[in-house]
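Visitor:
In our numbering, the protein residues as written are 199 to 622.
#1: From residue 441 to residue 527, what does the alpha carbon distance come to, in whole angstroms?
#2: Our contact map puts residue 587 next to residue 530 with C-beta atoms below 8 Å; I'd like the distance itself, whole angstroms only.
#3: Classify residue 626 as helix, strand or coil using the three-state DSSP reduction.
#4: Rounded to whole angstroms, how far is the Cβ of residue 614 from the Cβ of residue 568, which I believe are closer than 8 Å?
#5: Closer than 6 Å by C-beta to residue 393: which residues in its own chain qualify, once you throw out the five before and the five after it? Chain order, please.
#6: Taking the Cβ atom as the reference point for each residue, do residue 259 and residue 334 lie within a distance shorter than 8 Å?
#7: Using the rule of at least 16 other Cβ atoms within 10 Å of the residue's Cβ for burial, across every protein chain shown, is residue 225 buried or exposed?
#8: Within 10 angstroms of its Cβ, does residue 455 collect 16 or more other Cβ (buried), or is it exposed?
#9: Roughly how many angstroms lie between the CA atoms of residue 561 and residue 606, to the nearest whole one?
#10: Among residues of its own chain, excluding the 5 on either side of residue 294, which ones have a beta-carbon nearer than 7 Å to its beta-carbon?
#11: So what's residue 514 in DSSP terms, helix, strand or just coil?
#12: Counting Cβ pairs, one atom from each stretch, are 3 or more of them under 8 Å apart for the stretch 379 to 394 and the stretch 225 to 243?
#13: In this structure, how does DSSP classify residue 380 when only helix, strand and coil are distinguished?
#14: Taking the C-alpha atoms as reference points, what is the distance between residue 238 and residue 369?
#15: Would you report the Cα separation of residue 282 and residue 367, rounded to the nearest angstrom?
#16: Quick check: the stretch 343 to 361 against the stretch 231 to 251, are at least 3 beta-carbon pairs closer than 8 Å?
#17: The alpha helix (DSSP H) spanning residue 259 covers which residue range?
#18: By the three-class DSSP mapping on this structure, what secondary structure does residue 571 have?
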């Protein structure tokens, strides 16, 4: 029978797996999108920063070129780039310079270098305009201005390299996160496949459970119909035994003594068969009956208080198909003992002997039943082994794959019934 608790557990596990896959997948997707956005933002900022540095360097170079042209020609048109750069730098605020820092804070070092260069150009222009052009040219010919410009170029290049390194690191981090995302996606795909497989198994078990329930209900209906038929058959069988006994008694009326004796004996055999059949129909759901139960129903049920009987040995369970022939054998032994043996009651209502019945398991898969009857048989002949009762016992023993032997002596008889355990 399929365990519905197992199906419920599998369904719960599948739901949890799907929820885990969905949760991890959504989290991974959001993180990947955030990482891509952060990387693009860093690259964009680095590019803008690099462009701003290039513009600053270009503006300073244009200002220096205009300064040199003015000092050489005296034409103030050359000062236009210089004036433009000077005006734009004078108009900048600390916040504007913070944009050139790329990171938090202002780039005071770069601003100081630019101020040094502009101050040097301011001084040369002042000397030129105050009538001292030679002094202005001598200042230009020194390395001071070139040193300022070289320092500006180096500072700008250093900052651009730093910005590119940060942007490259952001891109590499994004690539690495993409690789991790791919691995996580593979793992999630495997989990999703497992969830799909478990879901398929759960559906299969669910369908099987429904089918099992339907089959069980059908089996119950079938069992109930079989029970009704079996009860009807048992009723008819009992009626048949009763009718047969009645016919024997009716047919024996008014006949000779021998006919009446035959009818009585035949009626007893029919009663024994009816009793054995009833016992076989009372077997429980295990389809077997214990030796103690059989002895009580067949042997002890026919005894009076004056009779002495002792059952001993192992408790053995006999199969359903072995109960009827074994019951017939025991009934025959009991009847013979009541009529002719140790349980035959005299006028004083006392039996002259006792019976011990034992069961044991022998070697090589055999069962041994010993009927040990103790009574005074001195001077009595051994019964003929060709009677109907002897033939019945032999036939029933053969049906059980066994044999029966008799040991008659002055103190009674010992009957040994050996049965095939596999058929009993």
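Even glycine gets a Cβ: it sits at the ideal position worked out from N, Cα and C. Note that this is a predicted model, so its numbers are computed, not measured.
Guide: The relevant details are as follows:
#1: 23 Å
#2: 5 Å
#3: Residue numbering for the chain in the displayed model covers 199 to 622; residue 626 lies beyond these limits and cannot be assessed.
#4: 6 Å
#5: 212, 215 and 216
#6: no
#7: exposed
#8: exposed
#9: 25 Å
#10: Note that residue 294 has pLDDT 48, beneath the 50 cutoff, so the model's placement of it is unreliable and no number is given.
#11: coil
#12: yes
#13: helix
#14: 8 Å
#15: 37 Å
#16: yes
#17: 202 to 271
#18: strand
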